[in-house]
Amino acid sequence: MGERDGQGRDRVAVDAAAARDARFGQALRAALLDAPDGVPDPERVEAAVRAAGATPVARSRRGVWLAAGVVTVLLVGVAAGWQFTRRGSGPESTTVPVLQFTPGEERNPQVLLSGLAELAEKQPGPAGSGPWLYRVGRQWNFSTSVDTEGKLLGQGLGEDWSQSWTGGDGAVRWTRVSVDPSRGAWEPLAVDDPAKRQEDALPPVGTVSAEQVREWLLKQVRSGTSTSPGDERSTAQWFQAVSGDRAADDPVFAAVALRMLASLPGITVEGETRDRAGRRAVAVSAVSELPGERFPKQRLYLLIDPQTGMMLAGETVGLTAGEGALGASVPLPATLAYDLWFPGVFVADKHTHAFLGAGQAAGAAPASAVPAVRGRAWCFKSADLRDKAEPVGTGDPTTPRDIGEKERGPVEVCSLTWQSDRYGWTTGTVGRRNQGDHPVPPLAACVLTERVPGVEPTTVAAVFPGGEGTCRTLGLPDAQ
1 MGERDGQGRD
11 RVAVDAAAAR
21 DARFGQALRA
31 ALLDAPDGVP
41 DPERVEAAVR
51 AAGATPVARS
61 RRGVWLAAGV
71 VTVLLVGVAA
81 GWQFTRRGSG
91 PESTTVPVLQ
101 FTPGEERNPQ
111 VLLSGLAELA
121 EKQPGPAGSG
131 PWLYRVGRQW
141 NFSTSVDTEG
151 KLLGQGLGED
161 WSQSWTGGDG
171 AVRWTRVSVD
181 PSRGAWEPLA
191 VDDPAKRQED
201 ALPPVGTVSA
211 EQVREWLLKQ
221 VRSGTSTSPG
231 DERSTAQWFQ
241 AVSGDRAADD
251 PVFAAVALRM
261 LASLPGITVE
271 GETRDRAGRR
281 AVAVSAVSEL
291 PGERFPKQRL
301 YLLIDPQTGM
311 MLAGETVGLT
321 AGEGALGASV
331 PLPATLAYDL
341 WFPGVFVADK
351 HTHAFLGAGQ
361 AAGAAPASAV
371 PAVRGRAWCF
381 KSADLRDKAE
391 PVGTGDPTTP
401 RDIGEKERGP
411 VEVCSLTWQS
421 DRYGWTTGTV
431 GRRNQGDHPV
441 PPLAACVLTE
451 RVPGVEPTTV
461 AAVFPGGEGT
471 CRTLGLPDAQ
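Each residue of the sequence shown is one higher than the one before, starting from 1 at the first, in UniProt numbering.
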């Protein structure tokens with residue numbers, strides 16, 4: 001019998017597995033880092049994995065999609081290689097690597113969170129002017145789909161890309177484009193909710209008091225008659241209560257939330273890292289116990305800007321899994337979901353998109369044609385960057401044919417949007433499934449730049465009514 005480690009495992013086998021996983025992680029990162037246009041070739045990723053001699057058990061072509069389809073996440077500095085935990089005999093899922101941390105100067109959660117709260121309350125709040133606060137957000141969730149007999153139908157990492165406009169009266173308009181590959185396709189679901197006043201909404205950013213925030217948070221998690229946050233709910237539930245885009249741009253909310261967290265037990269200071277958008281962060285975490293769920297034990301993370309005290313992101317990592325409920329084996333620990341929050345900007349109305357614009361310097365002639373991020377685009381109502389625009393999904397070019405739909409070009413997708421009059425640009429009536437064959441104007445595909453504060457600019461395709469020369473008139477390059 002060979003030498004055993006402290007857990008009774010064969011040391012030679014453990015070392016070999018660790019070396020294999022390390023080679024796999026290095027090969028995968030090398031295949032992604034110089035991918036043209038930010039979209040890697042799935043065959044190259046597969047070849048790199050084979051060359052590293054690290055083929056995961058029951059690895060399907062979907063594993064290639066999960067590696068390639070989330071390239072925009074992996075390219076922002078996730079330093080870990082893939083870590084595989086062998087479980088069961090069913091299909092095995094490949095999830096996004098968990099975040100890696102380096103020790104920070106402060107390890108005491110009370111001291112750290114209190115100090116961050118002091119930083120947060122000194123921040124100026126959102127930029128811009130106008131009665132509507134415009135925000136964008138991105139969310140990813142790992143999901144599986146099973147039939148009534150528990151047979152696995154699909155699995156994958158779904159994405160939500162959201163926008164919201166919050167008015168001074170508490171009314172919120174929001175739009176969302178969602179894709180769920182676990183259901184076998186990248187067909188997007190587009191939702192556009194008109195502005196409605198939210199029940200029990202906080203006063204607007206810039207007018208709310210610390211006491212109002214405190215009472216609102218207590219109400220979110222209150223049970224019984226207790227008024228002490230430590231006695232009412234678990235620390236993990238308080239993590240969920242304070243999470244969200246308001247903690248990213250409201251100094252009062254962020255400061256109160258951090259001070260309340262500082263009073264709770266069971267918080268671990270993980271250290272320093274970068275979020276999935278590449279922003280420097282300090283992370284704290286708490287364990288969540290959910291008996292009977294697909295992942296009964298989870299760890300929740302909050303990522304906070306160490307320079308401002310404003311919250312950047314939240315992540316959920318599964319520590320244990322119920323394979324029977326999932327229909328698949330999952331490598332543990334597994335990243336189940338993560339949310340990115342960005343500071344909002346005040347704008348003039350509930351249709352203005354604050355972060356869209358030309359990519360070149362002012363006055364510079366636009367390039368003849370440039371590449372754009374693939375998988376989503378913007379459809380505009382008119383040849384005006386200030387007019388109504390909606391994000392759409394165009395399919396994932398890295399998805400194998402037997403998993404999802406083929407990629408459709410931005411012009412094709414926006415043509416269908418006009419034809420169905422989904423956003424009421426022809427009839428004036430908004431409806432997700434408007435009936436009729438409505439006229440489609442000539443369309444031109446340009447490239448514009450999304451500039452979200454704190455994140456590297458992203459070039460995306462934008463489709464405007466018009467013909468040749470439309471992009472140049474707008475000061476935008478043509479889309480390749």
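The beta-carbon is built from N, C-alpha and C at its ideal position, and this holds for glycine as well.
* Spatial neighbours of P296 within its chain, please: CB distance less than 6 Å, with the 5 preceding and 5 following residues excluded, ordered by chain position. => L290 and T320
* Asked: Do V463 and L443 come within 8 Å of each other at the CB atom, strictly closer than that value?
  -> yes
* Asked: Smallest Cα separation from A254: which of C446, R176 and P126?
  -> P126
* On a CA-only basis, which of T426, P439, L416 and G409 is nearest A479? Give me that one, please. => G409
* Neighbourhood of G466 by C-beta, 6 Å cutoff - its chain only, sequence neighbours within 5 removed -> A383 and A444
* Asked: Based on the DSSP output, what are the partners of S164 in its beta bridges?
  -> R135 and W174
* To do: Using the Cα positions of L66 and P97, report the straight-line distance between them to the nearest angstrom.
  => Per-residue confidence for L66 stands at a pLDDT of 26, beneath the threshold of 50, marking its modelled position as unreliable; no derived number is given.
* Asked: Just curious, the beta strand (DSSP E) that T273 is in, first and last residue?
  -> T268 to R274
* Apart from the five residues just before and just after A257, which ones in its own chain have a Cβ nearer than 6 Å to its Cβ? -> V242 and A247
* Have a look at the DSSP bridge pairing and note the partners of E289. => K297
* **Straight-line gap, D421 to P103 (C-alpha atoms, nearest Å)** => 53 Å
* To do: Would you kindly work out how many angstroms separate the C-alpha atoms of A185 and V287, rounded to a whole number?
  => Residue placement at A185 cannot be trusted, given a pLDDT of 45 that sits under 50; the coordinates are not used to answer.
* To do: With DSSP collapsed to three states, give me the class of residue 489.
  => One cannot answer for residue 489 here, as it falls past the ends of the chain, which runs 1 to 480.
* Asked: Under a Cβ-count criterion, where at least 16 other Cβ atoms within 10 Å of its own Cβ denotes burial, should G318 be classed as buried or exposed?
  -> buried
* In the structure shown, what three-state DSSP assignment does M310 receive? -> coil
* Asked: From T449, D387, G344 and D200, pick the residue whose C-alpha is nearest to that of Q163; which is it?
  -> G344
* **Enclosing beta strand (DSSP E) for D339 [first to last residue]** => A334 to W341
* **For H438, the nearest candidate out of L332, T449 and G424 (CA to CA)** => G424
* L261 and A281: beta carbons closer than 8 Å? -> no
* If F342 and R135 are in contact, beta carbons under 8 Å, what's the gap, nearest whole angstrom? -> 7 Å
* **Distance, V208 Cα to E215 Cα** => 11 Å
* Which partner residues of E390 appear in the DSSP bridge assignment? -> C379
* Out of W174, T166 and G137, which has the shortest C-alpha to C-alpha gap to D160? -> G137
* G466 in three-state terms, based on DSSP -> coil
* Skipping 5 residues on each side, what residues in its chain have a beta carbon closer than 7 Å to that of A171? -> A195, K196 and R197
* Is F239 helix, strand or coil by DSSP? -> helix
* Near S415, what residues of its chain come up, given a Cβ to Cβ distance below 8 Å and the 5 sequence neighbours on each side ignored? -> V440 and L443
* **Candidates S178, V284, A236 and A210: closest to Q298 by CA position** => A236
* Can you give me the Cβ contacts of L202 inside the same chain, cut-off strictly under 6 Å, excluding the 5 residues immediately before and after it? => V208 and W216
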